[in-house]
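Trainee: These protein sequence lines map, in sequence, to chains A and B.
For the record, in the first sequence the residue sitting at position 51 is 51 according to our numbering, with numbers rising by one throughout.
For the record, in the second sequence the residue sitting at position 95 is 1095 according to our numbering, with numbers rising by one throughout.
Virtual Cβ for every residue (Gly too), placed ideally from N, Cα, C.
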Amino acid sequence: MSALLERLGLFARAPDTRSLAEIAGDIDAELAFHVEETARELVAGGLVPEEAHAEALRRFGDYGRIRRECARTQMGERIMMQRVQVVLTALLIVAVGVLLWSNHEARASMSAERAASMAMIARIEEQLASRSPQPELLDGLPAVRGPAQVPDDSGEYLDPSGKSVDRTAAVTSWISTFRQQSDNWRHGLKQADRLAALPGSQGVEILSRIYPTLSTAHREQIFKPFVFDGGHRDAVEVLALGLLDGTNSVRERAALYLETYAWKNLMYGGVADTWLAEWRDRPVAEVLRANATAWAREFGGVAAMYEQIPAGHPTRLLEIIDHVRPEVFATAGVDLAAILRENGIDRLTSEQLRLLSPSDRERVEIVQSWCRAK
Amino acid sequence: MPNQELDLPPGALELLVLKVLTRGPMHGYAIVRAIQERGAEPLRIEEGTLYPALHRMERRDLLSSEWGVSESNRRAKFYRLTPTGRAALKEQESAWRRVSEAVGRVLDTPNKKWA
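1. From the beta carbon of Gly1104 (chain B), is the nearest beta carbon of chain A less than 8 Å away?
2. Nearest to Val1069 (chain B) by CA position, among B:Tyr1079, B:Ala1095, B:Leu1063, B:Arg1060, is which residue?
3. Check Asn351 (chain A) in the structure and name its three-state DSSP category.
4. Per DSSP, what kind of secondary structure is Ala197 (chain A) in: helix, strand or coil?
5. Buried or exposed for Arg209 (chain A), please, with buried defined as at least 16 other CB atoms from any protein chain shown within 10 angstroms of its CB.
6. Output needed for Thr1049 (chain B): all residues of its chain with C-beta closer than 8 Å, excluding positions within five of it in sequence on either side, in chain order.
7. Based on the DSSP output, what are the partners of Val1069 (chain B) in its beta bridges?
8. Looking only at C-alpha atoms, which of A:Leu243, A:Thr260, A:Arg297, A:Ala292 sits nearest to Val271 (chain A)?
9. Quick one, are the C-beta atoms of Glu50 (chain A) and Arg179 (chain A) less than 8 Å apart?
10. Could you give the distance in angstroms between the alpha-carbon of Tyr211 (chain A) and the alpha-carbon of Arg219 (chain A)?
11. Please list the partners that Gln352 (chain A) has in chain B, where partner means a Cβ-to-Cβ separation under 9 Å.
12. Say whether chain A places a C-beta atom closer than 8 Å to the C-beta of Glu1066 (chain B).
13. Would you list the residues sitting across from Val165 (chain A) in a DSSP beta bridge?
14. Between the region 53-69 of chain A and the region 216-230 of chain A, are three or more C-beta pairs nearer than 8 Å?
15. Counting Cβ pairs, one atom from each stretch, are 3 or more of them under 8 Å apart for the region 321-338 of chain A and the region 270-289 of chain A?
16. Using the DSSP secondary-structure output, state which residues sit across from Leu1081 (chain B) in a beta bridge.
17. Can you have a look at Met1026 (chain B) and say buried or exposed, based on whether 16 or more other CB atoms are within 10 angstroms of its CB?
18. Among the residues of its own chain, which have a CB less than 7 Å from the CB of Arg72 (chain A), if the five just before and after it don't count?
19. Could you check whether the Cβ of Pro1117 (chain B) sits closer than 8 Å to any Cβ belonging to chain A?
20. At 4 residues or longer, what runs of the alpha helix (DSSP H) sit wholly inside the region 310-335 of chain A?
21. Can you tell me whether Glu22 (chain A) is buried or exposed, with buried defined as 16 or more other CB within 10 angstroms of its CB?
22. Nearest chain B C-beta to Arg361 (chain A) closer than 8 Å, yes or no?
23. Can you tell which of A:Ser176, A:Thr38, A:Asp234, A:Glu342 has its C-alpha closest to the C-alpha of Ala298 (chain A)?
24. Quick check: the Cα distance between Leu57 (chain A) and Val165 (chain A), rounded to an integer number of angstroms?
25. Please classify Pro1083 (chain B) as buried or exposed, where buried requires at least 16 other C-beta atoms within 10 Å of its C-beta.
26. Output the boundary residues of the alpha helix (DSSP H) element that contains Thr366 (chain A).
27. Of all the CB atoms in chain C, is at least one closer than 8 Å to the CB of Glu30 (chain A)?
28. Under three-state DSSP, which class holds Pro147 (chain A)?
29. Let me check understanding here. Comparing Cα to Cα, which of B:Leu1008, B:Asp1007, B:Lys1019 lies closest to Gln1092 (chain B)?
30. What is the DSSP secondary structure of Asp245 (chain A), reduced to helix, strand or coil?
31. Around the Cβ of Gly245 (chain A), are there at least 16 other Cβ atoms within 10 angstroms (buried) or fewer (exposed)?
32. Using a C-beta to C-beta distance shorter than 7 Å, which residues of chain A count as neighbours of Arg1075 (chain B)?
33. How is Arg233 (chain A) classed by DSSP in three states: helix, strand or coil?
34. Leu356 (chain A) and Ile309 (chain A) look like a contact to me (Cβ under 8 Å); what is the Cβ gap, rounded to whole Å?
35. Note down, in chain order, each residue of its chain lying with its Cβ closer than 8 Å to the Cβ of Ile1031 (chain B), except the 5 sequence neighbours on either side.
36. Is there a Cβ from chain B that is less than 8 Å from the Cβ of Gln74 (chain A)?
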């Protein structure tokens, strides 16, 4: 496939063979090296380490945006490859479907046909799980990406003591405050709470600048205040920092919290990066509405196809329920109950759910009773 | 006015990168310093913007890269010119000089009304 695309001129060179996590780790290492070398030079010139780090970050520019641009350049090729593969597989599935349909009447055994359909649905589900929802297919949502956040270099920012200062001073103070107890995760969580409480987008702007200076113990805690208690309007942007982190424990946490927004398990290889490329620049309400709708349509579609939902079939879809935080939808003004009802989730009968495992059945029933209470 | 920083014209960063890499392989930090040492102080270069440019140039096969060890004994990504990059430098340098000379000629020609 790669050789063919190369021959067709789609790539100037052979596609990157690294995993998306490796690409993200390399970008982090390369950018961090630059900031640290600049800081080292400034310390040698007489600055104290905190001031040197803040000045190095200022000279570097908008760290979050630059990191994102690098990721897009390097991962775009991989994501394109994945999409080409999805399209080819979808065509193959359609061809098999047409073949099955044309042979439908000639088939002697209904059970054989059912098995083939099951296999086909499983393959479709696998393909759906390995790509992000296609926004242009969702009613009422724009197909174009929203404007990227433009960094605001003007204005005043709050430092950890609550004083209004310019951005460089605020960044320096926040770096210094986090560094007071680098190994103490409770300290990191406490400071993250305070960052998330800053007005407007100040919290995420400061965080994207100081992120490379934070210890692993702090980076593991930094996302919680942006997701818990109804979520923050910049939560996806903050979680994106974690999803591209070179440390597994940080990336796993970010992926887990992102399930509220993505409605899919983002720990499968490549899914997280593809999803992020699609959704990180969009308003949070749009992200929640589109992804919850895609999930509900997929589960509702599986449910509508059978009189009884096959045992084990939708487990991966239903596991998401354990990690989704409905209060985030309320904060963003998105009616999750309506989305689930429109796709018939609340109308599934106990007879339809009979073949599900007790834990899967319980998950559906939790969602149904929640929908009815709304 | 003489001390005011100037924005880098479009395409200039790529040309500067190609030029400094003729010295040999360098990591991004060294590329920025080499550009500044060669007299680019009046130009406003947000240092981080170099990296998306480097990655795009690598994708277009103008540069190749490999991880190595820096002077400070740290792991760093080193870029080097490819044959395609050398050819592009030759072409872009020549085009830049022609544009620059043409603009200079227009600026240096006295207005006929006052000649």
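Mentor: Once the coordinates are examined:
1. With respect to chain A, the C-beta atom of Gly1104 (chain B) has no partner C-beta closer than 8 Å.
2. Minimum Cα distance to Val1069 (chain B) is reached at B:Tyr1079.
3. As written in the sequence, residue 351 (chain A) is Glu, which differs from the Asn given in the question. Annotated three-state conformation of Glu351 (chain A) is coil, per DSSP.
4. Three-state DSSP puts Ala197 (chain A) in coil, outside helix and strand.
5. Buried is the call here.
6. Correct list, in chain order: Leu1013.
7. According to DSSP, Val1069 (chain B) bridges with B:Arg1075.
8. For the residues A:Leu243, A:Thr260, A:Arg297, A:Ala292, the minimum Cα distance to Val271 (chain A) belongs to A:Leu243.
9. Contact annotation: Glu50 (chain A) and Arg179 (chain A) have beta-carbon atoms nearer than 8 Å.
10. Between Tyr211 (chain A) and Arg219 (chain A), the C-alpha separation is close to 8 Å.
11. Within 9 Å Cβ-Cβ: nothing; Gln352 (chain A) doesn't reach chain B, min ~50 Å.
12. The beta carbon of Glu1066 (chain B) sits no closer than 8 Å to any beta carbon of chain A.
13. Under DSSP, Val165 (chain A) takes part in a beta bridge, and its partners are A:Tyr157.
14. Judged by Cβ distances under 8 Å, the region 53-69 of chain A makes no contact with the region 216-230 of chain A, as fewer than three pairs qualify.
15. The region 321-338 of chain A, when compared against the region 270-289 of chain A, does touch it at the 8 Å Cβ threshold.
16. According to DSSP, Leu1081 (chain B) bridges with B:Leu1063.
17. Looking at its Cβ environment, which holds 16 or more other Cβ atoms inside 10 Å, Met1026 (chain B) is buried.
18. Answer for Arg72 (chain A): Ala277, listed in chain order.
19. Residue 1117 (chain B) is absent from the model: chain B starts at 1001 and stops at 1115.
20. Taking only runs of at least 4 residues, the alpha helix (DSSP H) segments lying wholly in the region 310-335 of chain A are 315-319, 326-332.
21. Glu22 (chain A) is exposed by the Cβ-count criterion.
22. Residue contact with chain B for Arg361 (chain A): absent (no Cβ-Cβ distance below 8 Å to any residue of chain B).
23. According to the sequence provided, residue 298 (chain A) is Glu. The question's Ala does not apply to it. Nearest option by C-alpha distance: A:Glu342.
24. Distance between the alpha carbons of Leu57 (chain A) and Val165 (chain A) is about 17 Å.
25. So Pro1083 (chain B) ends up on the exposed side.
26. The amino acid occupying residue 366 (chain A) in the given sequence is Ile; Thr does not appear at that position. Segment 358-373, the alpha helix (DSSP H) holding Ile366 (chain A).
27. The displayed structure is made up of protein chains A and B, and chain C is not among them.
28. Because Pro147 (chain A) sits at a pLDDT of 30, beneath the cut-off of 50, its placement in the model cannot be relied upon, and the point is left open.
29. Out of B:Leu1008, B:Asp1007, B:Lys1019, B:Lys1019 has the C-alpha closest to the C-alpha of Gln1092 (chain B).
30. Collapsing the DSSP output to three states places Asp245 (chain A) in coil.
31. Looking at the sequence provided, one finds Asp at residue 245 (chain A) rather than Gly. Buried, since its Cβ has 16 or more Cβ neighbours within 10 Å.
32. Neighbours of Arg1075 (chain B) across chain A, judged by C-beta separation under 7 Å: Ala29.
33. DSSP, read as helix, strand or coil, puts Arg233 (chain A) in coil.
34. With a Cβ gap of about 6 Å, Leu356 (chain A) and Ile309 (chain A) count as contacting.
35. Excluding residues within five positions, the ones whose Cβ falls inside 8 Å are Val1017, Val1020, Leu1021, Leu1050, Leu1054, Tyr1079.
36. Chain B places a beta carbon closer than 8 Å to that of Gln74 (chain A), counting this residue as a contact.
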